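>
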Amino acid sequence: MEVPLPVLVFPSFATPSPQRTVPELIEHIRALTAEIQELYRLNSLPWVIGYSGGKDSTCVVQLVWNALAALPPDQLTKPVYICSTDTLVENPIVAAWVRQSLDRINTTAPAQGLPFEAHLLQPEVKDTFWVNLIGKGYPAPRHMFRWCTERLKIWPANRFIKDVVRANGEVLLVLGTRKAESPRRANVMAQHVVGNVGDHLPHSQVQSLLYRGNLPNTLIYSPIEDWRDDEVWLYLMQYANPWGYSNKALFEMYQGATPDNECAFVVDGSTPSCGDSRFGCWVCTLVSRDRSMEAMILNDDEKAWMQPLLDLRNELDVYNDHDRRDFRRMSGKVQLFQRHSTNETLPIPGPYTRVWREKWLKKLLTAQKTARAQAPEGMNDITLITPAELSEIRRIWREDKHEFDDSLPRIYRKATGEIFKDPRPGADQSQLGSDEWSVLADLCQDDPMHLELMTKLLDTERQYATMGRRVGIFEALEKCFDSSSRSRDDAIAQAYHRHDLKTAAAEGDVEQVKALAEWGAIRFAAPPRAAEPEADYS
23 MEVPLPVLVF
33 PSFATPSPQR
43 TVPELIEHIR
53 ALTAEIQELY
63 RLNSLPWVIG
73 YSGGKDSTCV
83 VQLVWNALAA
93 LPPDQLTKPV
103 YICSTDTLVE
113 NPIVAAWVRQ
123 SLDRINTTAP
133 AQGLPFEAHL
143 LQPEVKDTFW
153 VNLIGKGYPA
163 PRHMFRWCTE
173 RLKIWPANRF
183 IKDVVRANGE
193 VLLVLGTRKA
203 ESPRRANVMA
213 QHVVGNVGDH
223 LPHSQVQSLL
233 YRGNLPNTLI
243 YSPIEDWRDD
253 EVWLYLMQYA
263 NPWGYSNKAL
273 FEMYQGATPD
283 NECAFVVDGS
293 TPSCGDSRFG
303 CWVCTLVSRD
313 RSMEAMILND
323 DEKAWMQPLL
333 DLRNELDVYN
343 DHDRRDFRRM
353 SGKVQLFQRH
363 STNETLPIPG
373 PYTRVWREKW
383 LKKLLTAQKT
393 ARAQAPEGMN
403 DITLITPAEL
413 SEIRRIWRED
423 KHEFDDSLPR
433 IYRKATGEIF
443 KDPRPGADQS
453 QLGSDEWSVL
463 ADLCQDDPMH
473 LELMTKLLDT
483 ERQYATMGRR
493 VGIFEALEKC
503 FDSSSRSRDD
513 AIAQAYHRHD
523 LKTAAAEGDV
533 EQVKALAEWG
543 AIRFAAPPRA
553 AEPEADYS
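Written out as structure tokens, the structure reads:
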């Protein structure tokens, strides 16, 4: 049974290039439909289709949907999972679009007797953007430290795929990747080719290529790999969306965007940043500007409520942010690097300081409150950070960073006017709090490193107090001294001294090593302990 093919009429925005004529495109779609049907019936392996809500992934889902809809019901023997990853920091307009589309798929597919199941995947709470940036203090992502893609996109997708593989042995991953996206994408695809559909379906007229997935027992099928942008839009405009969503509205979302790209369903690290597209994260600092959100706000008064989000994103995007960050790495140690352009050896800045982590939380909660007040109906309950994320940030600050004065509930109440209700059982119970912190601050007389050391030591002792066997407490206390017992200048000077020692040793300069070692023994020696007073036995 063949899918009925309408007559294609070129809209004004998409005139095809000479490579493939309209009749050729129609014939290609017909052949591709037959290939999808045969590939589906070939074996019992389930399919997973990556869906971002953008034009390419919508095109792929629609092709597969139309192909399977033309098969007899008794041949629809295995599930097709349609998966989209919600990073929790998606462009809110697009995030709402995708959620509604997935809901429509889950309603329409059973009604039509089709084996599609839509799943909205999310990162685990410990991996979310705000837990890492505000909780742990990770700096805004850069190309040299692109920590977000793995946690927000790759890991959630891979978890789902691994679960399917575990249950079925293998899986076919169907993606909307196209060679025309970029030379880099074409290169990556070429490196992962393992064969073509013709190896399994000798009568296939299309002979699509198959690619090796990064995960074991996964094969990737990209049915539109050779399609051009104009062909994708022609297909979407001329073939009605089978689950009842509007492809015209999709096109309108793309109108006014600077580059016509989408943020793909990501399963590996080769996928480029999505920051220049409508289908990316609103917090993305891997690009110089979020032109898509700027265009949305500029072109549509009803989207002006997103301005607080854009302002916050721009505040995050400061290239030289060393004044916002700790002089030590996350481990508590000072680490040096050599800048090749100037041949300087400089300390590597670490996570955001406590002051800036608290500032980011306040700014985010304020942006959320402002956006809710200004957003139209349907978007006025927008959530920029979830209660679960706030709870995890609070836990990290109190337990991992020993900031037991528990500032998060105070910041939340000041920014929102509401009381923070922590969903974690027992989270509001604590032996140490703001009163004890204030006493320590007075005793330390405004010495930040002394205060940090005292709070770490006291809270480390508290954490081990309830243990039957306090194994590891001395190592934990020693780590407190290693990271917090010296002033900023002394810690950096010691790091330079170690660097100079290693350099002299590598060069075989024995005299220099000896001189540096003697100088360091004096400069960085622990202060002498006060003499014990003699006991008076008279």
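Numbering (this note's numbering), first residue to last: 23 to 560. By construction, the Cβ of each residue, glycine as well, lies at the ideal position given by its N, Cα and C atoms. Here the structure is a predicted model, which is why all the values come from computation and not from measurement.
With C-beta atoms as the reference, is ALA389 less than 7 Å away from PRO330?
For the purposes of this step, residue 389 is identified with residue 367 of the sequence shown, where counting begins at 1. For the purposes of this step, residue 330 is identified with residue 308 of the sequence shown, where counting begins at 1. Yes, these two residues count as a Cβ contact at 7 Å.
> Candidates GLY494, ARG491, MET476, ARG484: which alpha carbon is nearest PHE503's?
Position 481 of the sequence shown, counting from 1, holds the residue named residue 503. Residue MET476 is the option with its Cα nearest to PHE503.
> Excluding sequence positions up to five away, which residues of its chain have a Cβ less than 7 Å from the Cβ of ALA140?
Your numbering for residue 140 matches position 118 in the sequence shown. Hits under 7 Å: ILE104, LEU124, ILE127, ASN128.
> Between the C-alpha atoms of ALA326 and ILE404, what's the straight-line distance to the nearest angstrom?
As a first step, residue 326 is located in the sequence shown; it is residue number 304 there, counting from the start. As a first step, residue 404 is located in the sequence shown; it is residue number 382 there, counting from the start. Cα-Cα distance, rounded: 14 Å.
> May I ask you to report which of helix, strand or coil DSSP gives PRO294?
Here residue 294 is taken as the residue at index 272 of the sequence shown, counted from 1. Its pLDDT being 47, under 50, PRO294 is placed unreliably by the model, and the measurement read from it follows with that caveat. PRO294: coil per DSSP, three-state reduction.
> Where GLY191 and LEU241 are concerned, what is the direct C-alpha to C-alpha distance, given to the nearest angstrom?
By one-based count along the sequence shown, residue 191 stands at place 169. By one-based count along the sequence shown, residue 241 stands at place 219. Their backbone Cα atoms lie some 12 Å apart in a straight line.
> Which stretch, first to last residue, makes up the alpha helix (DSSP H) that contains SER460?
By 1-based counting over the sequence shown, the position of residue 460 is 438. Residues 456-465.
> Are the region 338-349 and the region 134-149 in contact at 8 Å, needing three or more beta carbon pairs?
With a cut-off of 8 Å, the region 134-149 and the region 338-349 do not count as touching, because too few Cβ pairs lie within range.
> Tell me whether the region 342-358 and the region 410-424 touch, counting them as touching only if at least three CB pairs, one residue from each stretch, are closer than 8 Å.
Touching, no, given that fewer than three Cβ pairs across the two stretches are closer than 8 Å.
> Taking the C-alpha atoms as reference points, what is the distance between TRP265 and ALA131?
Taking the first residue of the sequence shown as 1, we reach residue 265 at position 243. Taking the first residue of the sequence shown as 1, we reach residue 131 at position 109. Cα to Cα, TRP265 sits roughly 7 Å from ALA131.
> Can you have a look at ALA393 and say buried or exposed, based on whether 16 or more other CB atoms are within 10 angstroms of its CB?
Reading the sequence shown from its first residue, position 371 is the one you call residue 393. Under this definition ALA393 is a buried residue.
> Are three or more beta carbon pairs between the region 443-460 and the region 470-486 nearer than 8 Å?
The answer is yes - the region 470-486 touches the region 443-460, with three or more Cβ pairs under 8 Å.
> How about the region 253-264 and the region 74-83: do they share at least three Cβ pairs that are nearer than 8 Å?
Touching, per the Cβ criterion.
> Span of the beta strand (DSSP E) holding VAL196?
Position 174 of the sequence shown, counting from 1, holds the residue named residue 196. Its beta strand (DSSP E) spans residues 193-196.
> Could you check if GLN277 is buried or exposed, using at least 16 other CB atoms within 10 Å of its CB as the buried criterion?
For the purposes of this step, residue 277 is taken as residue 255 along the sequence shown, with counting starting at 1. Its Cβ having fewer than 16 others within 10 Å, GLN277 is exposed.
> Would DSSP call SER79 helix, strand or coil?
Here residue 79 refers to the residue found at position 57 of the sequence shown. Helix.
> DSSP on ALA140, reduced to helix/strand/coil?
Taking the first residue of the sequence shown as 1, we reach residue 140 at position 118. DSSP places ALA140 in strand when its eight states are reduced to three.
> Relative to the C-alpha of PHE138, which residue among TRP69, VAL44, TRP382 is closest?
Here residue 138 refers to the residue found at position 116 when the sequence shown is read from its first residue. Among TRP69, VAL44, TRP382, the Cα nearest to that of PHE138 belongs to TRP69.
> Under 7 Å, do THR107 and LYS184 count as touching if we go by C-beta distance?
For the purposes of this step, residue 107 is taken as the residue at position 85 of the sequence shown. For the purposes of this step, residue 184 is taken as the residue at position 162 of the sequence shown. Going by C-beta atoms, THR107 is not nearer than 7 Å to LYS184.
> Work out the CA separation of ILE495 and THR20 for me, nearest whole Å.
No answer is possible for residue 20: it lies beyond the span of the chain, which begins at 23 and ends at 560.
> Cα separation between PRO445 and GLU316?
On the sequence shown, position 423 is the one that residue 445 refers to. On the sequence shown, position 294 is the one that residue 316 refers to. Taking the straight line joining both Cα atoms gives about 35 Å.
> Pick out whichever of ALA526, LYS391, LEU136, TRP119 has its Cα sitting closest to the Cα of LEU142.
Start at 1 with the first residue of the sequence shown, and residue 142 comes out as number 120. Among ALA526, LYS391, LEU136, TRP119, the Cα nearest to that of LEU142 belongs to TRP119.
> In angstroms with no decimal places, state the Cα-to-Cα distance between LYS391 and THR438.
Working through the sequence shown from its first residue, we reach residue 391 at position 369. Working through the sequence shown from its first residue, we reach residue 438 at position 416. Their Cα atoms are separated by approximately 7 Å.
> Using 10 angstroms around the beta-carbon of ASN321, count the other beta-carbons present and answer buried if the total reaches 16, otherwise exposed.
Taking the sequence shown and counting its residues from 1, the one referred to as residue 321 is at position 299. The residue in question, ASN321, is exposed, as its Cβ has fewer than 16 Cβ neighbours within 10 Å.
> Rounded to a whole number of angstroms, what is the C-alpha to C-alpha distance between THR280 and VAL153?
Mapped onto the sequence shown, residue 280 falls at position 258. Mapped onto the sequence shown, residue 153 falls at position 131. Because THR280 carries a pLDDT of 43, less than 50, the predicted location of this residue cannot be relied on, and the following value inherits that uncertainty. The straight-line gap from Cα to Cα measures roughly 31 Å.
> Check the DSSP bridge columns for VAL102 and list the partner residues they point to.
In the sequence shown, residue 102 corresponds to position 80, counting from 1. Answer is TRP69, PHE138, bridged to VAL102.
> CB-CB under 6 Å to GLY542, same chain, minus the five flanking residues each way: which ones, in chain order?
By 1-based counting over the sequence shown, the position of residue 542 is 520. Within the same chain, GLY542 has close Cβ partners HIS519.
> Within the same chain, show all residues whose beta-carbon is closer than 6 Å to that of TYR267, passing over the 5 residues directly before and after it, in chain order.
Against the sequence shown, residue 267 aligns to sequence position 245. Closer than 6 Å at the Cβ level, and outside the excluded window around TYR267, lie SER123, ARG126.
> For the beta strand (DSSP E) that GLN329 lies in, which residues bound it at each end?
Within the sequence shown, residue 329 is the residue found at index 307, counting from 1. Segment 329-338 is the alpha helix (DSSP H) holding GLN329; no beta strand (DSSP E) there.
> Give me the residue from THR408, ASN65, ASP531 with the minimum Cα distance to LYS443.
In the sequence shown, counting from the first residue as 1, residue 443 sits at position 421. Ranking the options by Cα distance to LYS443, first place goes to THR408.
> Kindly identify the DSSP beta-bridge partner or partners of TYR374.
For the purposes of this step, residue 374 is taken as residue 352 along the sequence shown, with counting starting at 1. For TYR374, which the question treats as bridged, DSSP gives the partners ARG347.
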